[in-house]
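A.B. asks:
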Amino acid sequence: MSATAYIALGSNRGDRRAYLDQALDALRQRPGIAVTKVSSYHETEPVGGPPGQGKYLNAAAELQTDLPPRELLQALLDIEQSLGRVRIEQDAPRTIDLDLLLHGDMVVNEPDLVVPHPRMHERPFVLLPLEEIAPQAMHPIRKVTVTEEAEHDRLHHHAHEVYDALAECLTKLNDVLKTLLRNPHPRKRQHLERARKKLEEEKKDLEKRLEDLKDRLHAIHERCGEH
Numbered sequence: 000m001s002a003t004a005y006i007a008l009g010s011n012r013g014d015r016r017a018y019l020d021q022a023l024d025a026l027r028q029r030p031g032i033a034v035t036k037v038s039s040y041h042e043t044e045p046v047g048g049p050p051g052q053g054k055y056l057n058a059a060a061e062l063q064t065d066l067p068p069r070e071l072l073q074a075l076l077d078i079e080q081s082l083g084r085v086r087i088e089q090d091a092p093r094t095i096d097l098d099l100l101l102h103g104d105m106v107v108n109e110p111d112l113v114v115p116h117p118r119m120h121e122r123p124f125v126l127l128p129l130e131e132i133a134p135q136a137m138h139p140i141r142k143v144t145v146t147e148e149a150e151h152d153r154l155h156h157h158a159h160e161v162y163d164a165l166a167e168c169l170t171k172l173n174d175v176l177k178t179l180l181r182n183p184h185p186r187k188r189q190h191l192e193r194a195r196k197k198l199e200e201e202k203k204d205l206e207k208r209l210e211d212l213k214d215r216l217h218a219i220h221e222r223c224g225e226h
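Residues 0 to 226, numbered by numbering that gives the first Met the number 0, are exactly what the sequence shown covers, in order.
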């Protein structure tokens, strides 16, 4: 029986675009696999691995396949090997990387095969291209769509930005309050009071934004059974 599967593609060695194109062509030539959708190519910074490696070109593809997960994974590994992929060091640069993300609604948890991919929801470089071609694809364990996973990632990133802005605001406010305690000249005090009022308003706004982001993240966590 045919199933809809999704894979992630990545390359950061040599002609990255050519490697992605060749991997897709190789998939099209494999019996039991039809490539039905391909995302645009996205350039991303490497995550982990040795320092100094080049940027990645990432994509996602939708497949219709008659192959069960293990056979599909083996097809991906065969294509990687044919395109010069050598596994020497974790997260090292590679000519091509093909990851099986989803295979219908199947859940597999074996030593050498885990479906859905256990880290797909933590990887923006996977979620962004996947959202292009399969926004409503459902994670069979977390019970959230790809769009919801991507939104979670965006909210999490934005929350960190707001938290950093709040920390900077509090530092500035603390400096102003310390200066006011030293009883400065009336004209300077007037200037500092205006700065204090502005910073306190900024602090209140940032705290409100942070709480809103936390609530939205919590709602997604609740939907996928996390606490």
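For each residue, glycine too, the CB sits at the ideal point set by N, CA and C. All values derive from a computational prediction rather than experimental measurement.
What's the C-alpha gap between VAL114 and THR3?
C.D. replies: Taking the first residue of the sequence shown as 1, we reach residue 114 at position 115. Taking the first residue of the sequence shown as 1, we reach residue 3 at position 4. Taking the straight line joining both Cα atoms gives about 13 Å.
A.B. asks: Is the CB-CB distance between THR35 and LEU62 below 9 Å?
C.D. replies: Here residue 35 refers to the residue found at position 36 of the sequence shown. Here residue 62 refers to the residue found at position 63 of the sequence shown. Yes; because the gap between Cβ atoms is below 9 Å, this pair is in contact.
A.B. asks: By DSSP, does HIS226 sit in helix, in strand, or in coil?
C.D. replies: Against the sequence shown, residue 226 aligns to sequence position 227. Below a pLDDT of 50, predicted positions are generally treated as unreliable, and HIS226, at 41, falls in that range; the measurement from the model is reported next regardless. HIS226 falls in the coil class under three-state DSSP.
A.B. asks: Just to check, is the beta-carbon of ILE78 closer than 8 Å to a non-hydrogen atom of the ligand ADP?
C.D. replies: In the structure on display, the ligand ADP does not appear, and there are no ligands present to speak of.
A.B. asks: Kindly provide the ranges of any beta strand (DSSP E) runs that are 3 or more residues long and lie completely inside the region 89–172, ordered along the chain.
C.D. replies: Counting only runs of 3 or more, we get 96–102, 107–109 and 112–114.
A.B. asks: Report, in whole angstroms, the separation of the C-beta atoms of GLY13 and ASN57, which I expect to be a contact under 8 Å.
C.D. replies: As a working note, residue 13 is residue 14 in the sequence shown. As a working note, residue 57 is residue 58 in the sequence shown. Not a contact, Cβ separation roughly 15 Å.
A.B. asks: Whole angstroms are fine: how far does the CA of HIS102 sit from the CA of PRO30?
C.D. replies: Translated into the one-based positions of the sequence shown, residue 30 becomes position 31. Translated into the one-based positions of the sequence shown, residue 102 becomes position 103. Cα-Cα distance, rounded: 17 Å.
A.B. asks: Hey, could you find the ends of the beta strand (DSSP E) TYR40 is sitting in?
C.D. replies: By one-based count along the sequence shown, residue 40 stands at place 41. Per DSSP, TYR40 belongs to no beta strand (DSSP E) and is neither H nor E.
A.B. asks: In this structure, what does DSSP give as the bridge partners for SER1?
C.D. replies: Here the question's residue 1 lines up with position 2 in the sequence shown. SER1 is not bridged to any residue.
A.B. asks: Closest to VAL145 by C-alpha separation, out of ILE32, PRO49, PRO110 and ALA59, would be which residue?
C.D. replies: Looking up residue 145 in the sequence shown gives position 146. With distances taken between Cα atoms, VAL145 lies closest to ALA59.
A.B. asks: If you check the beta carbons only, do PRO123 and HIS159 fall under 9 Å apart?
C.D. replies: Your numbering for residue 123 matches position 124 in the sequence shown. Your numbering for residue 159 matches position 160 in the sequence shown. No, the Cβ-Cβ distance between PRO123 and HIS159 is not below 9 Å.
A.B. asks: Could you check which residue in LYS171, LEU19, ILE95 and ALA22 has the C-alpha nearest to that of LEU191?
C.D. replies: On the sequence shown, residue 191 is found 192 positions in, with the first residue counted as 1. Comparing Cα-Cα distances from LEU191 to each of LYS171, LEU19, ILE95 and ALA22, the minimum goes to LYS171.
A.B. asks: Check whether the region 136–155 and the region 173–182 touch, using three or more Cβ-Cβ pairs below 8 Å as the test.
C.D. replies: With the cut-off at 8 Å, the region 136–155 and the region 173–182 do not touch.
A.B. asks: Would you give the residue range spanned by the alpha helix (DSSP H) that LEU75 belongs to?
C.D. replies: Numbered from its first residue, the sequence shown carries residue 75 at position 76. Per DSSP, LEU75 belongs to the alpha helix (DSSP H) from 68–81.
A.B. asks: Could you spell out the range, first to last residue, of the beta strand (DSSP E) harbouring GLN28?
C.D. replies: Walking along the sequence shown from the start, residue 28 turns up at place 29. Note, GLN28: premise wrong, no beta strand (DSSP E); not H, not E.
A.B. asks: What is the rounded straight-line gap between the Cα of ALA194 and the Cα of GLU200?
C.D. replies: Translated into positions along the sequence shown, residue 194 becomes position 195. Translated into positions along the sequence shown, residue 200 becomes position 201. C-alpha separation (whole angstroms): 10 Å.
A.B. asks: Answer yes or no: do VAL107 and ARG69 have a C-beta to C-beta separation smaller than 9 Å?
C.D. replies: Taking the first residue of the sequence shown as 1, we reach residue 107 at position 108. Taking the first residue of the sequence shown as 1, we reach residue 69 at position 70. Taking 9 Å as the Cβ cut-off, VAL107 and ARG69 qualify as a contacting pair.
A.B. asks: Given a threshold of 16 other Cβ atoms within 10 Å of its Cβ, counted over all protein chains shown, does PRO117 qualify as buried or as exposed?
C.D. replies: To locate residue 117, count along the sequence shown from 1; it is residue 118. The residue in question, PRO117, is exposed, as its Cβ has fewer than 16 Cβ neighbours within 10 Å.
A.B. asks: Helix or strand or just coil, what does DSSP make of GLN21?
C.D. replies: One-based indexing of the sequence shown puts residue 21 at position 22. Helix at GLN21.
A.B. asks: Return the chain-ordered list of same chain residues with a C-beta closer than 7 Å to the C-beta of ARG215, the five sequence neighbours on each side being excluded.
C.D. replies: Taking the sequence shown and counting its residues from 1, one reaches residue 215 at position 216. Taken in chain order, the residues that qualify are LEU154.
A.B. asks: Which residues in the same chain as LEU75 place their Cβ atom closer than 7 Å to its Cβ, once the five residues preceding and following it in sequence are excluded?
C.D. replies: Counted from its first residue, the sequence shown places residue 75 at position 76. Only ILE6, LEU97 and LEU99 meet the Cβ criterion.
A.B. asks: Buried or exposed: which applies to HIS226, given that a residue is buried once 16 or more other Cβ atoms fall within 10 Å of its Cβ?
C.D. replies: Counting from one through the sequence shown, the residue named residue 226 turns up at place 227. Because HIS226 sits at a pLDDT of 41, beneath the cut-off of 50, its placement in the model cannot be relied upon, and the point is left open.
A.B. asks: Spell out the partners DSSP gives GLY9 in its beta bridges.
C.D. replies: As a position in the sequence shown, residue 9 is number 10, starting the count at 1. Its beta-bridge partners are ASN57 and ASP96.
A.B. asks: Give me the residue from THR64, ALA17 and LYS197 with the minimum Cα distance to TYR55.
C.D. replies: Stepping through the sequence shown from its first residue, residue 55 is reached at position 56. When each option's Cα is compared against that of TYR55, the closest is ALA17.
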